[in-house]
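When the sequence shown is numbered by numbering that gives the first Met the number 0, its final residue is 402 and no position is left out of the sequence of numbers.
Structure first, then comments.
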Amino acid sequence: MSEERIMDLKRRVYSAAKDEGARVGMERTMEAFEESTLHIDEYVMEMARYVRDLKAELRNRMLDLAMEAAEAMERNGMDVVIAHTRKEALDAVIDVVGTGKVIVKSKSMISEEIGLREYLEGMGNEVWETDLGEFLLQLSRGRPSHFVVVSMHVPREGALEVLRRKLGYRGPPDVPRMVAAVRDFLREKMLSAQVGITGANAVAAREGALVQVENESNVKLTGSLPPINVVVTSIDKVVPTLLDAIKIAIVESYMLGGTPPTFIDVVSGPSGTRDIEHRLVRPAQGAKEVHVVLLDNGRSSAAGSLLGETLRCIKCGACQLACPVLTTVGPSWGSGAYMGGIGVLWTAITKGFEEAGPLSYLCAGCGICEEYCPMDIKISDLVWEIKRMASAKLEEELGVADS
Ligand code: SF4
Numbered sequence: 000m001s002e003e004r005i006m007d008l009k010r011r012v013y014s015a016a017k018d019e020g021a022r023v024g025m026e027r028t029m030e031a032f033e034e035s036t037l038h039i040d041e042y043v044m045e046m047a048r049y050v051r052d053l054k055a056e057l058r059n060r061m062l063d064l065a066m067e068a069a070e071a072m073e074r075n076g077m078d079v080v081i082a083h084t085r086k087e088a089l090d091a092v093i094d095v096v097g098t099g100k101v102i103v104k105s106k107s108m109i110s111e112e113i114g115l116r117e118y119l120e121g122m123g124n125e126v127w128e129t130d131l132g133e134f135l136l137q138l139s140r141g142r143p144s145h146f147v148v149v150s151m152h153v154p155r156e157g158a159l160e161v162l163r164r165k166l167g168y169r170g171p172p173d174v175p176r177m178v179a180a181v182r183d184f185l186r187e188k189m190l191s192a193q194v195g196i197t198g199a200n201a202v203a204a205r206e207g208a209l210v211q212v213e214n215e216s217n218v219k220l221t222g223s224l225p226p227i228n229v230v231v232t233s234i235d236k237v238v239p240t241l242l243d244a245i246k247i248a249i250v251e252s253y254m255l256g257g258t259p260p261t262f263i264d265v266v267s268g269p270s271g272t273r274d275i276e277h278r279l280v281r282p283a284q285g286a287k288e289v290h291v292v293l294l295d296n297g298r299s300s301a302a303g304s305l306l307g308e309t310l311r312c313i314k315c316g317a318c319q320l321a322c323p324v325l326t327t328v329g330p331s332w333g334s335g336a337y338m339g340g341i342g343v344l345w346t347a348i349t350k351g352f353e354e355a356g357p358l359s360y361l362c363a364g365c366g367i368c369e370e371y372c373p374m375d376i377k378i379s380d381l382v383w384e385i386k387r388m389a390s391a392k393l394e395e396e397l398g399v400a401d402s
């Protein structure tokens, strides 16, 4: 672990600590979070326990289940690639997309993990994020500070400033008016795009179906308005049945706001109709092609390791909103896609210990994250282990290790 990485992290954290706007944004988000998650119904917690036990049981057969899901999705008319590495995933997407396209894209931590937007732009495409928070980050070249509320560090004043500067917004500093301006801008992009890229919250192996949970309706539109839909997701999200997948969607949304999701979308093939003489004709109203990339990138090898229990994570983000460090320093405590204590663990799985080591030093070890985790992941203990390993390596590099 190089000292350079530690210095870089220190610089980012110091400058984040001085960012008054980010602190205001995070404080406001925290207040709203505390009010909205005081009571989570027992029936949701029962579902959470079911999901936790199921995911613990599935951890050692993720690849088999991914293959079962891939076969079922292909039977349903989708093209599927199981990508073992980041490069394989990017190759699979570019094979479908090519260059010179207008692409709309919904929020997905897997696409952040592989740097998909930057890669597609580098290959000569125009890419637009359709989730409002991601769109603000795209315009301001920012990094996500949370799995779900990606722009929790951007207060309304910051959103106004970026929309004025980058979108030419001339309206009042009024949130509904700003949201309407973004909606108009993005609707035009969605209607003209040749490709829509989406993610998935869970994948059902038996039915070969993708489950997406959302509130903005941008995922639905991104996946169905352009003629081609590419779904980029990961193998740890595959569960045996559609009912299991929907339970994950429900738990995930309740954990963050104490409310049901506005939309749960199920995609199990390209759009089509059999309304005339019961003959299948594609497309109907939605995408005519659906391509799916199921990413491994370290997950299957982590299953039997110290980090294995991390694979139960459903990325609800409850632990992140509870974390006193993350909600102070924001996205500076992260590796792009993954931030906070749970982010240290995902970074170790997807990028290795070298990258995760310096990030582990920011964990205060208070353990509050664990109280909020519906999957009972021992986040603090695991981060502590990474910190211990990183320290041992650093001592060795500095020549101060015990002989
Ligand atoms: S570690 Fe637990 S609380 Fe945090 S995102 Fe994952 S499932 Fe949610």
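All C-beta atoms in this analysis are idealised placements derived from N, C-alpha and C, irrespective of residue type, glycine included.
Note that this is a predicted model, so its numbers are computed, not measured.
The alpha-carbon of Arg4 is positioned some 17 Å away from that of Val382.
Remark: the shortest separation between the CB of Phe146 and any heavy atom of ligand 1 falls under 7 Å.
About 5 Å separates the beta carbon of Met25 from that of His152, a gap short enough to meet the 8 Å contact definition. Around the C-beta of Met6, fewer than 16 other C-beta atoms lie within 10 Å, and the residue is accordingly described as exposed. Taking the C-beta atoms as reference points, Val289 is found no nearer than 8 Å to Val194. Between Phe262 and Asn214, the alpha-carbon positions lie close to 6 Å from each other. Between the alpha carbons of Gly316 and Arg186 lies a gap of roughly 28 Å. With a cutoff of 7 Å, Pro373 counts as near ligand 1, since its C-beta is closer than that to a heavy atom of the ligand. Taking the CA atoms as reference points, Asp380 sits about 12 Å from Val343. Ligand 1 has no heavy atom closer than 7 Å to the beta-carbon of Lys106. Between the C-alpha atoms of Lys188 and Asn217 there is a straight-line separation of about 12 Å. Straight across, the Cα-Cα distance linking Pro330 with Glu369 is about 20 Å. Using a C-beta cut-off of 8 Å, the segment 343–360 makes no contact with the segment 52–60, since fewer than three inter-stretch Cβ pairs fall below that distance. With a contact defined as Cβ atoms closer than 8 Å, Val103 and Thr221 qualify at about 5 Å. Here DSSP, grouped into helix, strand and coil, assigns Met77 to coil.
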